[in-house]
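Okay, structure first, notes after.
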Amino acid sequence: MATTRRPKDASSGSGSALRGSRRVSASGDLEVATYLEIARQREGGRPEPEPEPARPETVVIIDFGSQYSMLIARRVRECHVYCEVLPHDATREEVERLSPRGFILSGGPASVYEEGAPQAPSYVFDMGLPVLGICYGMQLLAHQLGGKVAPGPAREYGHAVIHRADPGGASTTIFEGLPPSMPVWMSHGDRIVQLPPGFHSLAYSDNSPIAVMGNDDGIVGLQFHPEVVHTPHGKQILENFLYQICGCQGGWTPGSFIAESIVRLRAEAAGGRVLCALSGGVDSAVAAALVHRAIGDQLTCIFVDNGLLRREEPERVVATFQRHMKMQLVHVDASARFLEQLATVTDPETKRKRIGETFIRVFEEEAAKLGRFDMICQGTTYPDVIESAPRTGEAKAAVKIKTHHNVGGLPSDMTFRLIEPLRYLFKDEVRNVGLALGLPEEMVYRQP
Numbered sequence: 063m064a065t066t067r068r069p070k071d072a073s074s075g076s077g078s079a080l081r082g083s084r085r086v087s088a089s090g091d092l093e094v095a096t097y098l099e100i101a102r103q104r105e106g107g108r109p110e111p112e113p114e115p116a117r118p119e120t121v122v123i124i125d126f127g128s129q130y131s132m133l134i135a136r137r138v139r140e141c142h143v144y145c146e147v148l149p150h151d152a153t154r155e156e157v158e159r160l161s162p163r164g165f166i167l168s169g170g171p172a173s174v175y176e177e178g179a180p181q182a183p184s185y186v187f188d189m190g191l192p193v194l195g196i197c198y199g200m201q202l203l204a205h206q207l208g209g210k211v212a213p214g215p216a217r218e219y220g221h222a223v224i225h226r227a228d229p230g231g232a233s234t235t236i237f238e239g240l241p242p243s244m245p246v247w248m249s250h251g252d253r254i255v256q257l258p259p260g261f262h263s264l265a266y267s268d269n270s271p272i273a274v275m276g277n278d279d280g281i282v283g284l285q286f287h288p289e290v291v292h293t294p295h296g297k298q299i300l301e302n303f304l305y306q307i308c309g310c311q312g313g314w315t316p317g318s319f320i321a322e323s324i325v326r327l328r329a330e331a332a333g334g335r336v337l338c339a340l341s342g343g344v345d346s347a348v349a350a351a352l353v354h355r356a357i358g359d360q361l362t363c364i365f366v367d368n369g370l371l372r373r374e375e376p377e378r379v380v381a382t383f384q385r386h387m388k389m390q391l392v393h394v395d396a397s398a399r400f401l402e403q404l405a406t407v408t409d410p411e412t413k414r415k416r417i418g419e420t421f422i423r424v425f426e427e428e429a430a431k432l433g434r435f436d437m438i439c440q441g442t443t444y445p446d447v448i449e450s451a452p453r454t455g456e457a458k459a460a461v462k463i464k465t466h467h468n469v470g471g472l473p474s475d476m477t478f479r480l481i482e483p484l485r486y487l488f489k490d491e492v493r494n495v496g497l498a499l500g501l502p503e504e505m506v507y508r509q510p
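For any residue, its number in this note's numbering is found by taking its place in the sequence shown, counting from 1, and adding 62.
Written out as structure tokens, the structure reads:
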């Protein structure tokens with residue numbers, strides 16, 4: 063996806079999303095944007111026709127517990143290539159559904175030769191796809207393909223300089239366009255002492271005689287971390303792997319994501335009625351706009367005033383979504399109910415769970431008044447999933463940070479199926495999708 067743009071001064075009217083709009087002052091503290099161009103786009107409730115999307119090129123990141131796995135995903139997506147992070151015990155079926163162009167093996171805290179250390183699944187090697195191993199991932203490649211890994215004489219953490227060996231052949235493609243020596247960031251205690259058959263040493267450092275290795279079949283290992291900013295040429299290395307070795311074209315953009323999502327959402331909704339939890343924040347706003355683009359008046363948004371919003375923010379939400387985006391919107395003032403649930407509670411985790419439970423109960427009650435609904439749409443994002451870190455599924459190897467009211471705070475007995483159109487997007491990607499959908503910049507760049 064394209065790099066996130068910073069918002070221009072809204073009062074100047076120079077931002078592209080504001081062009082052709084006017085502003086009406088509602089009070090000294092609140093301005094309601096009327097966004098005439100959005101109103102024109104939203105006339106009527108029929109979903110807009112969209113072109114059939116191409117399936118995104120995908121790279122699968124296998125997570126072995128690295129603190130940098132999500133950062134690897136961010137860097138890959140900055141190269142306009144879609145990726146997903148899967149746990150090291152993900153099934154072959156989970157991987158094949160993504161039709162990957164290649165694999166990236168993350169770092170990790172274990173030693174590959176220790177009993178019980180996580181190993182790369184066999185399909186990583188027998189699917190015949192390019193593989194990039196990073197740190198522990200490189201050591202796994204060596205260990206599982208016939209080389210040898212052992213403790214190093216000294217741990218290598220922090221700044222280092224690698225020097226290219228350049229044996230020639232296709233294996234050197236990873237360094238295309240790069241200088242003979244370059245600074246990198248290391249974080250390891252083990253090192254490769256014997257290469258697997260068919261591999262060459264492509265670079266070395268003072269403490270790592272094999273800092274980079276590769277073969278002519280597109281399998282490359284890096285002992286350093288290309289995803290961190292302390293490796294200045296890291297992005298070029300990742301681009302070489304993605305474009306030159308995996309053959310990706312870099313076509314994953316906000317527009318392509320929207321087109322693919324609309325097809326998927328229409329199939330997922332299948333004529334059913336969808337209820338959206340609209341808070342007025344960035345995530346729920348973009349989720350609602352995307353689902354509305356796909357299914358039109360099959361979507362009804364319920365905006366719950368939980369008593370924790372900014373002054374006059376409820377009026378802003380109603381003005382934008384109901385009056386000017388032409389969405390079906392129900393406004394519920396449940397502030398007293400939320401505050402009662404949170405009274406005397408000091409533990410943040412308990413607060414999150416109570417907020418999630420109360421939201422769902424309010425939605426169920428309002429849905430009962432409106433008739434039957436089949437699904438609920440939420441603005442869950444990738445960081446929500448990772449921070450909540452269930453011990454199964456896509457975040458299995460991550461360390462739990464906190465539950466999120468969109469994830470860990472949901473009651474197990476709720477009666478809706480979930481639609482989460484932003485589940486695999488980072489925040490900057492959500493903002494870019496919002497801009498591409500025509501949402502105003504001041505809403506897209508709203509801060510919590």
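Quick reminder that beta carbons are idealized off the backbone N, C-alpha and C, glycines included.
Since this is a predicted model, take the numbers as computed values, not measurements.
Apart from the five residues on each side of it in sequence, which residues of its chain come closer than 6 angstroms, Cβ to Cβ, to residue i?
i    : result
T120 : Y144, L160 and P162
D395 : D367
G164 : V121, L191, P192 and C308
A350 : C338, L340 and C363
P288 : G296, I299 and L300
R253 : G214 and S270
H393 : F365 and V380
P258 : A204, L207, G208 and G209
P376 : D367
I272 : I254 and S263
S128 : S168, G169 and G170
A356 : P109, I324, L327 and R328
By Cβ distance, which residues of its chain are closer than 8 angstroms to residue i, with the 5 residues on each side in sequence left out?
i    : result
S346 : C338, A339, L340, Q440 and G441
M437 : E330, A331, G334, R335, V336, L337, F478, R479, L480 and I481
V223 : S243, M244, P245, V246, S267 and D268
Please state if the CB of residue j and the CB of residue i are separated by a distance shorter than 8 angstroms.
i    : j    : result
Y185 : F126 : no
Y130 : S173 : no
V348 : L484 : yes
V255 : L133 : no
G170 : P183 : no
R139 : E491 : yes
D268 : S233 : no
F400 : L391 : no
F261 : G251 : no
L264 : A216 : no
E402 : P118 : no
G369 : S397 : yes
Grab me the residues of residue i's own chain with a C-beta within less than 7 angstroms of its C-beta, minus the 5 sequence neighbours each way, in chain order.
i    : result
Y175 : H205 and V211
A498 : P316, G317 and I320
Y219 : M248 and S249
E238 : N302 and Q306
Can you tell me the Cβ-Cβ gap for residue i and residue j, rounded? I've got them flagged as a contact below 8 angstroms.
i    : j    : result
Q360 : G343 : So it is not a contact: roughly 23 angstroms between Cβ atoms.
T420 : L487 : In fact, because the Cβ distance is near 26 angstroms, the residues do not count as touching under 8 angstroms.
I236 : F303 : 6 angstroms
G312 : Y305 : 7 angstroms
H225 : H292 : About 18 angstroms; that fails the 8 angstroms criterion.
I166 : L148 : No, I166 and L148 are not in contact; Cβ-Cβ is about 11 angstroms, not under 8 angstroms.
L404 : R416 : 6 angstroms
Inset, instruction - Give a yes or no on contact between the region 293–305 and the region 197–213, applying the rule of three or more CB pairs nearer than 8 angstroms. - result: no
Inset, instruction - Count the CB pairs spanning the region 276–287 and the region 190–204 that are closer than 8 angstroms, and state whether there are at least three. - result: yes
Inset, instruction - Quick one: which unbroken beta strand (DSSP E) runs of 3-plus residues sit fully inside the region 382–457? Chain order, please. - result: 390–395 and 437–439
Legend entry - Contained beta strand (DSSP E) runs [length at least 3] in the region 174–202, N- to C-terminal order: 193–196
Inset, instruction - Jot down the residue ranges of each uninterrupted beta strand (DSSP E) in the region 281–352, minimum 3 residues, whole runs only, in chain order. - result: 281–284 and 336–340
Inset, instruction - Check whether the region 316–329 touches the region 418–429, taking contact to mean three or more Cβ pairs, one atom from each stretch, closer than 8 angstroms. - result: With the cut-off at 8 angstroms, the region 316–329 and the region 418–429 do not touch.
Inset, instruction - Spell out a yes or no on whether the region 210–221 and the region 186–195 are touching, meaning 3 or more CB-CB pairs, one atom from each, closer than 8 angstroms. - result: no
Inset, instruction - Examine the Cβ distances between the region 242–254 and the region 149–158 and report whether three or more of them are shorter than 8 angstroms. - result: In this structure the region 242–254 does not touch the region 149–158; the number of beta carbon pairs closer than 8 angstroms is below three.
Legend entry - Inside the region 141–165 only - beta strand (DSSP E) runs reaching at least 3 residues: 144–149
Inset, instruction - Entirely within the region 212–276 and at least 3 residues each: give me those beta strand (DSSP E) ranges in chain order. - result: 243–256, 262–266 and 274–276
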